[in-house]
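Here is the structure we will look at, set down as structure tokens.
Chains as they are written, first to last, in this note's numbering: chain A, 1 to 347; chain B, 1001 to 1279; chain C, 2001 to 2315.
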């Protein structure tokens, strides 16, 4: 696979060239706040110094709030009370600074939004418009455990290009897909260099990962036995149902659909939702299948580490980014839960 | 592929208030676009998302059979925001339908078999679709029994049709109410589980029960069926859950790794017993 | 503060052995340095898992809601005031509780330490007045007073206001602290400045409701933002709806909030939501002389009416 070299000048010039044909996305600060993924203004440079953003890059493909349709309730107008699709901008997007964990997460999510029977146009069209320029992790964090769940600091799943700092303000870039090659050419990044440059960097980074989690037994476990295991109340006691884990998680996808009307015109939109909220499963009759906190915790971890495994046979629904571990205010740790689930033997 | 979130526009063609307490209305919808009508090929047991612009969507079982052409019928209980609003709508109003969604009662398996339909309250709507379907294909099925009950006569759905089916004689109708002070009440008096015990045919490999009703009814009918010897593979249930997308994407309605909206809502009891998850 | 651990374990063991409580709610060691996890202990042999250090930030009163058991609970000053709130609001009965008071000189602000240290923390140690963090081959020592959580630095109720047992000696209360300096600065802004300030502050809110869910006071079965008949507030991150949510939530906490900081700690976007709740706390103090959670016999000002109440809004 081709590896190219980008020096500081080529980088700055390349970004400027790309602005003409791509919408640019990457981590950026707002007014002194922590950097998050957002669309970059003209001339802005993506901040590649942040180890990882608080919220994942999933918001680039899958925004927190998104309008799906519009309609008019004005009976004098044609097509009243009928939903109309709205114009969306799926012109090419260049997404910089996405870590390999977040990129792999998009592929995990894709299985949900693009199945044999249904294709979610909002997610899939958005995803397909993106070119993902990954940023390899030379210094994985203390809570990163990507190598335990099938990924790694230099993993290429879901990426079109993978960048690693080359030491003097420039980058080495591995061209992974044709989309990536096209973008590199548009940016004028065409200086080939030694193919073998990446492998030793990758090995060095992977060796730095200290956090390991066992997941090998999860597929073999019986779902019902795990469900009935006695440890859920203890695991779930501390949970505040705050939802921070689901909002920061790159592989969580649950959403809510809402209609909002002002005067006679309205929209139908979807917003991120969380299985941690008590009202998530509340039925019209008043019955709630998960009224207790520990039932909701169990649902989240069973979904991530068992139901998804059973459904897609493609590993766990977790990329080991460690955000939920770092951000949980009461220190509920998915790694501890995973070990418990993995090693569980019913009495 | 078409946008699966986009509803097909329909017009309300007829509204029938089914019950005396006015909480249940049957809506008859006609598609505005012929292509939509042709595309909406459903099977009895499926549901659709009824979409009211400005209010939201609700998943409701399809009450009409695929053999009824030119329209689709839904019986809607007034419960919340969307259903409450629907109950104020009039003939001629326009709204939307997304569907057909979900799986259906296992009609291929049921061909050539005895079918016992056990329903309670307003869960009967997809059972109506099933009965109309079976009657239109009568020679495909052996004996058909219907045990249907509600709290009192005025709360039974489709009363005219129930009487017509009874009169036709092709199926054994066992209509019951929990109690009544109507001296002219011709049918049974007793809870659905009790009538099931009395009237359900004996269990065998060729006899299937489709059970659909409120949780209390299901809870007390199940032991009766167990005692009669019905195997859990021969008992078919239809579940309800809070849904939003209806197409197995938004993640809300799962039981274990199954989405009630996509892998269900129809499940055999045997499958349900083995599913990890809250029901 | 060091040394409470033994007392907490001793008291818990006694309570469990004598069956005075069904469970003890306290903290256990977290999986990360500088974190603790709230836990419950039901068996006497498990009391050894209970710990205490300057990372026991979480307000344990949040776990008392509607419980039916007899509970022993470790309570700092702020926690004890929330317990009184719960008593006043009938979420739990006093007879159910054995409160193990923990006089507190303040908890460490983990986010601030991480920011100042600049790298992942692998190890953490503390003494009575200092903390030392190690990571990435370096280490740094901080004076505790320099890295306290904001709400702890200005705390005026460090001792639990109600307790059955004490895990340590009562500490001196801070007397000459200005709790509302930051609030007065905002009050002094003119209307455009204020508008811009709050618009900017809430611009990154993602409506995750972590602040609401983490708050021990926010226990409404259906929060006003979740109501659909009628729908009071939209659910997207529209700035108007977001402002409505935050401002109204602050009002719902008025006269009840003890400034425990759970909201800010839970926020993944680091929004200083306490600015809103503190403003209302200040107003309750100025208008009604009221501080939340001090006396289980007193009803809060928004719950009562006296003829001589200042009619601020009604002219």
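Think of the CB as a built atom: it goes at the ideal place given N, C-alpha and C, for glycine as much as any other residue.
Give the secondary structure of residue i by DSSP, where H, G and I count as helix, E and B as strand, and everything else as coil.
i	result
residue 27/A	strand
residue 121/A	helix
residue 2262/C	helix
residue 220/A	coil
residue 2121/C	coil
residue 64/A	coil
residue 2194/C	helix
residue 303/A	helix
residue 135/A	strand
residue 1193/B	helix
residue 2065/C	coil
residue 174/A	strand
residue 236/A	helix
residue 2294/C	coil
residue 1283/B	Nothing can be reported for residue 1283/B, as the shown portion of chain B is limited to 1001 through 1279.
residue 128/A	helix
residue 1085/B	helix
Straight-line CA distance for residue i to residue j?
i	j	result
residue 294/A	residue 61/A	31 Å
residue 256/A	residue 2162/C	43 Å
residue 150/A	residue 246/A	21 Å
residue 2024/C	residue 2042/C	7 Å
residue 165/A	residue 1037/B	58 Å
residue 1221/B	residue 1078/B	26 Å
residue 1041/B	residue 1119/B	24 Å
residue 59/A	residue 2066/C	37 Å
residue 1187/B	residue 1165/B	13 Å
residue 2249/C	residue 202/A	48 Å
residue 1969/C	residue 2285/C	Summary: the structure shown does not reach residue 1969/C, with chain C confined to residues 2001 through 2315, and so no result is reported for it.
residue 1019/B	residue 1270/B	34 Å
residue 109/A	residue 1092/B	41 Å
residue 1214/B	residue 2305/C	47 Å
residue 260/A	residue 1051/B	13 Å
residue 311/A	residue 1258/B	8 Å
residue 1161/B	residue 1129/B	12 Å
residue 46/A	residue 86/A	30 Å
Might you give, ordered along the chain, the residues of its own chain that have their beta carbon closer than 8 Å to the beta carbon of residue i, omitting 5 neighbours on each side?
i	result
residue 1206/B	1112, 1113, 1114 and 1142
residue 2213/C	2266
residue 2098/C	2015, 2020, 2021, 2070, 2071, 2072, 2073, 2164 and 2165
residue 188/A	10, 13, 14 and 17
residue 2029/C	2036, 2037, 2049 and 2051
Run the proximity test for residue i: is its beta-carbon closer than 6 Å to any non-hydrogen atom belonging to the ligand ZN?
i	result
residue 90/A	By its list of ligands, the structure shown contains no ligand whatsoever, and the ligand ZN lies outside what it can speak to.
So, residue i versus residue j, is the Cβ gap smaller than 7 Å?
i	j	result
residue 2156/C	residue 2170/C	no
residue 1124/B	residue 1157/B	yes
residue 2260/C	residue 2277/C	no
residue 125/A	residue 90/A	yes
residue 1081/B	residue 2228/C	yes
residue 2193/C	residue 2011/C	no
residue 2205/C	residue 2175/C	no
residue 2130/C	residue 2141/C	yes
residue 1029/B	residue 1058/B	no
residue 1256/B	residue 307/A	yes
residue 2107/C	residue 2149/C	yes
residue 1046/B	residue 1106/B	no
residue 2307/C	residue 2255/C	no
Quick one: residues in its chain with C-beta nearer than 6 Å to the C-beta of residue i, no 5 flanking neighbours on either side, listed in chain order?
i	result
residue 1268/B	1233 and 1236
Output, in sequence order along the chain, the residues in the region 1072-1090 of chain B whose CB is closer than 8 Å to any CB in chain C.
1080, 1081 and 1084
Check your understanding: Got a sec: which bits of the region 2197-2213 of chain C sit with their beta carbon under 9 Å from any beta carbon on chain A, in order along the chain?
Key -> 2200, 2203, 2204, 2206, 2207, 2208, 2209, 2210, 2211, 2212 and 2213
Quiz item: Got a sec: which bits of the region 227-249 of chain A sit with their beta carbon under 7 Å from any beta carbon on chain C, in order along the chain?
Solution: 237, 238, 240, 241, 242, 243, 244, 247 and 248
- prompt: Just by C-beta distance, which residues in the region 58-77 of chain A are closer than 7 Å to chain C?
  reply: 64 and 65
Pull out every residue of the region 2226-2242 of chain C whose Cβ sits closer than 7 Å to any Cβ of chain B, in chain order.
-> 2228 and 2229
* According to a CB-to-CB cut-off of less than 8 Å, which residues of the region 2018-2039 of chain C neighbour chain A? -> 2030, 2031, 2032, 2035, 2036, 2037, 2038 and 2039
Could you please tell me which residues of the region 84-113 of chain A, in chain order, have their CB closer than 8 Å to any CB of chain B?
85, 112 and 113
**Asked** Listed from N- to C-terminal order along the chain, which residues in the region 33-55 of chain A have their beta-carbon within a distance smaller than 9 Å of any beta-carbon of chain C?
**Response** 33, 34, 36, 51, 54 and 55
Looking at chain A, which residues of the region 1224-1252 of chain B have a Cβ within less than 8 Å of any of its Cβ atoms?
1240, 1241, 1242, 1244, 1245, 1247, 1248, 1249, 1250, 1251 and 1252
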